[in-house]
Amino acid sequence: MHFKIAAILMFILLSNPTYAYIDPGTGSMFLQTFLAILAMIGGGISVFWKYLKNLFVKPSKAKENKDSAGLGNQCD
Amino acid sequence: MTDPYSFRDHSGHVIIKGERIYRIITSAGLADFQKFYSHPLWNILQDKGKIQRSRLLTSSECNKLALEGDVAAIIEHEVLPLISYPYEWPFEALRTAALYHLQLHLELLEHGFTLKDASAYNIQFDGASPLFIDILSIKPYQDGEYWLAHNQFIQHFLAPLLLNAYSAMPFQLWLRSSLEGINLAALTKLLPLRTRLNYRLWLHLFLPVGFSLNSVPRANKIIRPSRNLPKKVMTMMLKQLAHIIARLPSPKRGYTAWENYSHSNSYDEKTKEDKIRVVRNLVTEISPSTLIDIGCNEGHYSRIALNSGARRVIGLDIDGTSLDRAFLLANKQRQKFTLLIQDLANPSPSQGWLNKERFSIFSRLKADCVMALAVIHHLAIGRNLPLIDIAQMLLTLAPHCLVEFVSKEDPMVKLMLSQREDIFREYNLDQFSKAIHLAGGTILFSHQLTQSTRVLLHIKRKQP
C-alpha cells in the first residue's frame, strides 16, 4: 500500500508536462499577444486622454506664438 | 563538404572547400538576402566589425565552384581562427554575446530589418569581441510581425545566465547536453522565489512558461498570432531583456581553488620573474600566430605571450571565476584573447545530429604553440591520466610546447598527495621526458626555475 502511494506521489511530483504537440514557444506567442493588447488599450487611453484634454484646456499663449512663428517660417 | 551545423536553414547552408568558407543562398532565401545586400547596412555592419566580413561571388566565380542543386547566389565568408560554442563560454562571455545580439537586433529594427532566429551559436568571438556570423538570419521587418525567436533567445541566452547567476550550477554543463537550450519549465523550479518579484522576468519567463504548461493540446485549436505586435512593443521587449541581462549579479560560486591562484601559488618573486623571462623569450622566438594556454587561469601568462609576439591566444581553463576575470579584461582591452571553459579530462565532444552538428574541441583547435604551465601534475596526479597520453595530447595541439613540470618535491604537489595514497611511481621528469619521445617530440631545452624544483621544457614535434 505504502509503495503504491509512494509510486503515485513520485509520478505526480516528478512527471514533466509533455511538449510533444505544444511548442514551448506558444507561451512566448501568448506574451506578445498580451503585450499587443496592452499596447492597443494604452494607445486608446492616450487618444481619449488627449481628446478630453483638448475639451477642457485651451492652447497656451506661448504655444500659439510658436505655431504662428512656424507658419511664418514656412511662408519665407 | 557541407558544414553539418547549417543544415536546418532552408534559405541557405555553409560549405567548406579547402581553407575557404562559402554560404550558398537558395532561391527561398534570395529575396530577403538581396534586400539586405542592397541596403547600406550590409557595408556599415561589416565595417563596424559587427557581422562577419563577407562578399558576394560574381557569376564566373560561382561557375568555377561547379555546385549543383538550388544555388541562387553564393557569398564567401572571412575564415575565423576559432569556432567556439556557448557551452564553452564563461558567464561574462555569454552575457556579452546576449547584449550584443539584442543591440544588433535593435539596430536592424531601426533600419527596417529583423532577426529570424536567436541562436547563441550565431555568435562567435574574435578575441574577446563578439561577432554575428549568420547573415541569412537577417530579413526585412514586416510591420506588426511577432518576434518568433523570443523563446529561443530565452532558452539560449537568458535562461543559462539566470541559472548561473542565481544558483551554484554552471550553465555550461546543462547547455552542453541540451543543444536547443535550457528547459524553461525545469529552470523556473530552480530559481529562487525573489526572481518572480521582478516584473520583467515575470513577463519574459514565468508568464510564458506558465501559459505553455497550462495549455492543453487540441487538434482543432491551433494558436496563431491574433494581433499585430507594434514595432515599439518589440523594441521595448528587446530593451527589457537587455536591462535584465546587464543587471544580473555575477555567479554565486563560493570559493574556488583557482580563484586568486596567481597570488596564492608557491612561487616567490625571483621564480616568477625567471618564468616570465623564459615565456617571453620562447614566444618571441616562435612568434606564433595562435598560442593555446592550457590552464590559463586569469590569463597572466597569456597576456605576456600576447605582448611578446603571439598574434592571438586561446586560453583554456576549468574555472569559471578566473575565466570571467580574464574575459572582462580581454574584452575591455580588445585583446585577441579567447577564453573557453574546458575540462581536458572530459573535453567538448562531437555531438548533435549524427554526432556531426557540433565539432569536438580538438578538431577545432589549431595552434603553432601550446603552453601548459603547472598543469601536467593536475592531469597526471589529480585525474590519474597516463603521462604518454598527456604528451600525445600536447603534441597533437601544436608543434611547439612550453611545459612547466612540477615534481613531487614541490609544495603544491605535496599538498595534493597529502590526503591520498601515492600510487604515482612513474610521475617524475625522466618518465615524462620518455613519454615526450614516445609521443614523437624532442626536448629542445630544459630550464630549472630559480629557487624552485620546477622545470620548464621547450618541446618540439619531430618531423614525420
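These protein sequence lines are chains A and B, in that order.
Here the first sequence stands for residues 1122 to 1197, where the numbers follow my numbering.
Here the second sequence stands for residues 16 to 479, where the numbers follow my numbering.
Just so it is clear, CB atoms sit at the ideal spot from N, CA and C, and this is done for glycine as well.
Cross-strand partners of residue i (DSSP beta bridge)
i, result
"lysine 154(B)", "Thr129(B)"
"leucine 146(B)", "Gln139(B)"
"valine 224(B)", "Partner(s): none; valine 224(B) has no beta bridge."
"histidine 28(B)", "Ile39(B)"
"arginine 457(B)", "Contrary to the premise, residue 457(B) reads as threonine rather than arginine in this sequence. According to DSSP, threonine 457(B) bridges with Lys475(B)."
"histidine 462(B)", "Leu471(B)"
"isoleucine 356(B)", "Asp332(B)"
Residue burial classification, residue i (beta-carbon count within 10 angstroms, cutoff 16)
i, result
"valine 1178(A)", "exposed"
"tryptophan 189(B)", "buried"
"alanine 413(B)", "buried"
"lysine 290(B)", "buried"
"alanine 81(B)", "exposed"
"alanine 46(B)", "exposed"
"isoleucine 1158(A)", "exposed"
"tryptophan 368(B)", "exposed"
"serine 323(B)", "buried"
"glutamine 478(B)", "exposed"
"tryptophan 1170(A)", "exposed"
"aspartate 62(B)", "exposed"
"proline 401(B)", "exposed"
"proline 1138(A)", "Because proline 1138(A) carries a pLDDT of 43, less than 50, the predicted location of this residue cannot be relied on, and the following value inherits that uncertainty. Exposed, since its Cβ has fewer than 16 Cβ neighbours within 10 Å."
"glutamine 1195(A)", "Reliability fails at glutamine 1195(A), whose pLDDT of 39 lies under 50, so the model's placement of it is uncertain and the value that follows must be treated cautiously. Result: exposed."
"arginine 373(B)", "buried"
"glutamine 466(B)", "exposed"
"valine 108(B)", "Position check: residue 108(B) holds alanine in this sequence, whereas valine was assumed. That one is buried."
"isoleucine 260(B)", "buried"
"glycine 142(B)", "buried"
"serine 1136(A)", "Residue confidence is low: serine 1136(A) scores 42 on pLDDT, short of 50, so the model does not pin down where it sits. Its coordinate-derived value is still stated next. By the 10 Å Cβ count, serine 1136(A) comes out exposed."
"serine 337(B)", "buried"
"glycine 1165(A)", "exposed"
"leucine 56(B)", "buried"
Cβ-Cβ distance between residue i and residue j below 8 Å
i, j, result
"alanine 325(B)", "valine 298(B)", "yes"
"histidine 219(B)", "isoleucine 169(B)", "yes"
"threonine 111(B)", "asparagine 346(B)", "yes"
"arginine 242(B)", "tyrosine 102(B)", "no"
"tyrosine 282(B)", "methionine 386(B)", "no"
"leucine 459(B)", "lysine 449(B)", "no"
"isoleucine 319(B)", "isoleucine 333(B)", "no"
"alanine 406(B)", "alanine 454(B)", "yes"
"glutamate 93(B)", "arginine 68(B)", "yes"
"serine 1149(A)", "histidine 165(B)", "yes"
"glutamine 167(B)", "aspartate 132(B)", "yes"
"leucine 178(B)", "methionine 184(B)", "yes"
"serine 433(B)", "threonine 468(B)", "no"
"phenylalanine 420(B)", "leucine 359(B)", "no"
"arginine 38(B)", "isoleucine 98(B)", "no"
"glycine 196(B)", "alanine 174(B)", "yes"
"glycine 159(B)", "leucine 244(B)", "yes"
"alanine 87(B)", "threonine 41(B)", "yes"
"leucine 1176(A)", "valine 248(B)", "no"
"isoleucine 391(B)", "valine 418(B)", "yes"
"isoleucine 153(B)", "phenylalanine 51(B)", "yes"
"leucine 123(B)", "leucine 130(B)", "yes"
"serine 378(B)", "lysine 371(B)", "no"
"histidine 415(B)", "valine 293(B)", "no"
"isoleucine 396(B)", "phenylalanine 439(B)", "yes"
"isoleucine 307(B)", "leucine 331(B)", "yes"
"cysteine 384(B)", "proline 303(B)", "yes"
Nearest-angstrom Cβ-Cβ length linking residue i and residue j, presumed shorter than 8 Å
i, j, result
"alanine 382(B)", "isoleucine 329(B)", "7 Å"
"alanine 135(B)", "phenylalanine 172(B)", "6 Å"
"phenylalanine 147(B)", "isoleucine 66(B)", "5 Å"
"tyrosine 161(B)", "serine 363(B)", "With 8 Å as the limit, tyrosine 161(B) and serine 363(B) do not qualify as a contact, their Cβ atoms being about 34 Å apart."
"leucine 464(B)", "threonine 353(B)", "Contact doesn't hold; Cβ gap of about 28 Å is too wide."
"threonine 203(B)", "phenylalanine 186(B)", "Not a contact, Cβ separation roughly 15 Å."
"leucine 321(B)", "lysine 351(B)", "7 Å"
"serine 74(B)", "leucine 151(B)", "With 8 Å as the limit, serine 74(B) and leucine 151(B) do not qualify as a contact, their Cβ atoms being about 20 Å apart."
"proline 96(B)", "threonine 305(B)", "6 Å"
"threonine 1154(A)", "serine 230(B)", "Threonine 1154(A) to serine 230(B), Cβ: 13 Å. No contact."
"glycine 335(B)", "proline 426(B)", "Glycine 335(B) to proline 426(B), Cβ: 26 Å. No contact."
"leucine 228(B)", "alanine 200(B)", "6 Å"
"glutamine 255(B)", "arginine 215(B)", "5 Å"
"phenylalanine 1151(A)", "phenylalanine 48(B)", "Actually they are not in contact, since the Cβ atoms of phenylalanine 1151(A) and phenylalanine 48(B) sit about 32 Å apart, beyond 8 Å."
Chain-ordered chain C contacts of residue i [CB-CB under 8 Å]
i, result
"leucine 1176(A)", "Absent here is chain C; the protein component of the structure consists of chains A and B."
In chain order, what are the residue ranges of uninterrupted alpha helix (DSSP H) at least 4 long that sit wholly in the segment 54-138 of chain B?
56-62, 74-80, 106-125
Complete alpha helix (DSSP H) runs within the segment 283-352 of chain B (minimum length 4 residues, chain order)
284-301, 315-322, 335-347
Which parts of the segment 359-394 of chain B are runs of the alpha helix (DSSP H), unbroken and 4 residues or longer, counting only runs that do not cross its ends?
376-379
Segments of 3+ residues assigned as beta strand (DSSP E) that fall wholly inside the segment 394-425 of chain B
415-420
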